[in-house]
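Okay, so the sequence shown: first residue is 1 according to the UniProt record's numbering, each after it adds one.
These notes are about the structure you will find just below.
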Amino acid sequence: MFRFDLDTCSKRRDLFGAVALFESAVSQNFRLIHYHYNALLYLCTISVDEPSSKALALDYGFRIFDHVVNSGVTPNEATITSVASLAAAKSDGDLAFEVVRTMVNYELSSRLRTYGPALFWFCANLKGEKAWVVEEHMVSMGVHPEKPELAAVKVSAKMGRGDKVYAYLHKLRTAVRSGAVEEVALKNGGGWHGQGWIGKGRPETEMFSELVAAMAMEREFRSNFRSFR
1 MFRFDLDTCS KRRDLFGAVA LFESAVSQNF RLIHYHYNAL LYLCTISVDE PSSKALALDY
61 GFRIFDHVVN SGVTPNEATI TSVASLAAAK SDGDLAFEVV RTMVNYELSS RLRTYGPALF
121 WFCANLKGEK AWVVEEHMVS MGVHPEKPEL AAVKVSAKMG RGDKVYAYLH KLRTAVRSGA
181 VEEVALKNGG GWHGQGWIGK GRPETEMFSE LVAAMAMERE FRSNFRSFR
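Below you can see the structure in the form of structure tokens.
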């Protein structure tokens with residue numbers, strides 16, 4: 001019955017109803033499992049964009065995660081990703097990244113989406129150095145960025161870090177020529193911006209290189225990047 005009611009709340013995007021279910025379950029010492037926790041956390045993450053429910057979503061999102069930990073339930077990748085999203089939603093990129101770094105404690109394998117909240121928050125707030133640390137951690141864990149890496153290129157350009165931009169451009173261009181980006185895109189569930197792979201031919205490669213170079217030069221960056229093509 002609890003799962004049926006929770007699924008109904010999820011379908012209706014009814015955060016308030018889900019919170020009431022959670023409180024009732026806790027008061028009755030009802031044993032919650034991964035499915036329940038992740039459904040509750042998912043509802044919290046999709047509710048932060050609504051002004052009327054954001055405060056409740058953030059408050060209960062972290063309460064639910066604390067309950068996961070205190071109950072001795074081992075979080076899974078979906079749990080961590082949801083909590084990282086909540087941390088980013090409350091403008092705490094450091095917490096979003098710290099949550100991801102705890103995955104090693106649970107022997108979990110991270111995915112591209114796991115790093116997204118922290119990396120995009122740092123990039124959006126022009127915290128380039130922290131964005132690069134996240135990207136380096138991703139690579140060390142065997143997760144190769146696609147769209148987040150492009151965001152890092154953009155923040156590098158805005159911060160005027162030519163050395164970082166140049167390094168990213170070469171990394172991306174090499175990946176395109178070797179087909180590595182295609183492999184990464186397929187492994188992570190999608191192609192170029194979710195619209196399929198851009199192709200292997202020279203025109204597609206050149207278009208990709210031009211796009212990245214244009215991003216680097218967006219804010220009147222040094223003209224020597226034009227030679228990158």
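A virtual CB, placed ideally from N, CA and C, is assigned to each residue, including glycine.
Bear in mind that the values here come from a model prediction, so they are computed numbers and not experimental data.
Where residue i sits in the DSSP three-state scheme
i: Met-1; result: coil
i: Met-141; result: coil
i: Phe-30; result: coil
i: Asn-38; result: helix
i: Gly-93; result: helix
i: Arg-63; result: helix
i: Glu-136; result: helix
i: Ser-10; result: helix
i: Val-48; result: coil
i: Glu-146; result: coil
i: Lys-127; result: coil
i: Val-19; result: helix
i: Leu-56; result: helix
i: Glu-204; result: Confidence in Glu-204 is poor, its pLDDT being 49 and thus under 50, which makes the residue's placement unreliable; the coordinate value appears in the next sentence. Reduced to three states, the DSSP call for Glu-204 is helix.
Cβ-Cβ separation, residue j to residue i (assumed contact under 8 Å), whole Å
i: Ala-78; j: Trp-121; result: Not quite, the Cβ-Cβ distance comes to about 19 Å (not below 8 Å), so this is no contact.
i: Asn-29; j: Ser-82; result: Rounded, the Cβ-Cβ distance is 24 Å, inconsistent with contact.
i: Gly-93; j: Lys-127; result: 7 Å
i: Leu-58; j: Ser-10; result: Not quite, the Cβ-Cβ distance comes to about 18 Å (not below 8 Å), so this is no contact.
i: Leu-6; j: Ala-18; result: 6 Å
i: Phe-2; j: Leu-21; result: 7 Å
i: Thr-45; j: Ser-85; result: 5 Å
i: Phe-65; j: Leu-41; result: 7 Å
i: residue 237; j: Val-143; result: The question about residue 237 has no answer here: the residues shown for the chain are numbered 1 through 229.
i: Trp-132; j: Lys-158; result: Contact flag wrong, Cβ pair sits at about 13 Å.
i: His-34; j: Val-69; result: Incorrect: roughly 13 Å between the Cβ atoms, too far for contact.
Short CB-CB distance (under 8 Å) between residue i and chain C
i: Trp-132; result: Checking the listed chains, one finds no chain C in this structure; it contains a single protein chain.
Q | Length at least 4, wholly inside the segment 72-119: the alpha helix (DSSP H) runs in chain order | A | Listed in chain order, they are 77-89, 93-101.
Q: Please determine if the segment 84-104 and the segment 114-129 are in contact, where contact requires at least 3 C-beta pairs separated by less than 8 Å.
A: Because the criterion of three Cβ pairs below 8 Å is met, the segment 84-104 and the segment 114-129 touch.
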